[in-house]
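Position one of the sequence shown corresponds to residue 1 (the UniProt record's numbering), numbered consecutively onward. Scroll down for the structure; my scribbles are underneath it.
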Amino acid sequence: MARSKRKSSKLSTAEPSAKRSKHAVDNHKTNGVAEVETTLFNTLVQQAGLQVKSGQIQDQLEVDRSIFQKKIKNSLKSHQNYPEAIDDFLEGLQERLDNADRFRLSLLPVSMSEDNEGHGGSQESLIRMLLGVDILQPKIANMLMEKLPEFTEEDNNNGADEFNTPRLVLNQFRWLDCIVQSKELTEKMLEMVGITSLEIQREIITCIPEVLDDSEHTEVARELSELLRQNTGLTVPILDALSNLNLRPDLLAEVRVSVVQMLPSAEIDDLPVVVKFILQSVGDSDAFEVISELRSNLDFASTTLPPAACSTPAEQRRSRGGRVAPHD
């Protein structure tokens, strides 16, 4: 299909109505490529320096990321219908994300124009750049969370798609400079754990420590501990998350007791992570007691690894006094 340049319609940021700023949509195609719909979202991001594309063509950034973010924020705050204009802007973004191709591309790094190449800084996705605008972040974060239940494990394992979209969604929150409403975002993530597939639940839990404020560690640790008792399929991501939280000694001991109690029913593949968590949470004063509990709760007779999983070569076992049975 021939690729052609699209005409970009320009709107004044002073729209007559904040509830609906979209003009009539031109649904015809130009040289086989659909026109980009004129919305407040498309208008402002283009004015800020992003060339909006359609179909499976990635958007192109013509300015530095910080300049783009600053222009978006200033345009919205100076809009005559601010703050209602934010909802109008996000309505246009939502329509864009409802298209599977545009949603996926919005989660991947934008392309850079030739003029902007070499200016330094890493390429980021459109969504991540918008999450860096504080007045937009809470609502965009909520939009992204609401998309997660749409995906199933079959979607993630589909060989035709090399991208794990739920993981891409959650990666947008990693290492953000600032989380505007950390508590609300964490609560939303935990809410999504209850209504998503097991694989997506694991991805969400792994991401939680990335968005937590220090003041929320205790409360979230209690919720994760309760979730651990309810769903052993989440053992590894929950223990990984707990390992990244700053917990009071008494709460850490409480969590450790719960983890020790689940040892007899733990999956053999999860045991290394479980035991590591227990040992890393031990202090000098309770080391002997905890190790004794480990020994009493671990049934090594029923967790014998197959020969292929043994890390000690036969020669080394023989040299230590053991005798290797001869091969038939």
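All residues carry an ideal CB built from backbone N, CA and C; glycine is no exception. Remember, it's a predicted structure, so these values are computed and weren't measured experimentally.
Inter-stretch contact at 8 Å, needing at least 3 Cβ pairs: the segment 184-191 / the segment 129-146: yes
Where Q181 falls: helix, strand or coil (DSSP): coil
Bridge partners - L61, DSSP secondary structure assignment: L61 is bridged to L50 and M112.
Beta-bridge partners of S197, as assigned by DSSP: DSSP, once it has assigned bridges, lists no residue as partnering S197.
For S125, the three-state DSSP class (helix, strand or coil): strand
Sufficient close CB pairs (3 or more, under 8 Å) joining the segment 161-170 to the segment 217-229: no
Contacts around E223, its chain only, beta-carbon distance under 7 Å, and the 5 residues preceding and following it disregarded: Excluding residues within five positions, the ones whose Cβ falls inside 7 Å are L190.
Own chain residues within Cβ distance below 8 Å of L228, not counting five before or after: L234, T235, I238, L239, S258, V259 and M262
Backbone CA spacing between E95 and F41 [nearest angstrom]: About 10 Å.
Within-8 Å CB hit, F68 to chain C: Any reference to chain C falls outside this structure, which holds one protein chain only.
F89 classed as buried or exposed, judged by whether at least 16 other C-beta atoms fall within 10 angstroms: Burial call: buried.
Alpha-carbon to alpha-carbon, D87 and S281: 46 Å
Complete runs of the beta strand (DSSP E) confined to the segment 247-294 [at least 3 residues]: List check, beta strand (DSSP E) in window: nothing returned.
Alpha carbon of L198 to alpha carbon of E114, nearest angstrom: 43 Å
Close beta carbons around S125, own chain, < 7 Å, minus the five adjacent residues each side: S106, L107, L108, P109, V110 and Q172
Q230, DSSP secondary structure in three states: helix
Buried or exposed (CB count within 10 angstroms, at least 16 for buried), G132: buried
V273 vs L294 beta-carbon contact at 8 Å: Note that the C-beta distance between V273 and L294 is not below 8 Å.
D59 classed as buried or exposed, judged by whether at least 16 other C-beta atoms fall within 10 angstroms: Classification of D59: buried, given that the 10 Å Cβ count is 16 or more.
Same chain, Cβ closer than 6 Å to A14, five either side skipped, listed in chain order: Summary for A14: the model assigns pLDDT 41, below 50, so the residue's position carries little reliability, and this model does not support an answer.
When K147, A48 and M129 are compared against S75, the one with the closest alpha-carbon: A48
For I57, the nearest candidate out of I204, F103 and V290 (CA to CA): Of the candidates I204, F103 and V290, the one whose C-alpha sits nearest the C-alpha of I57 is F103.
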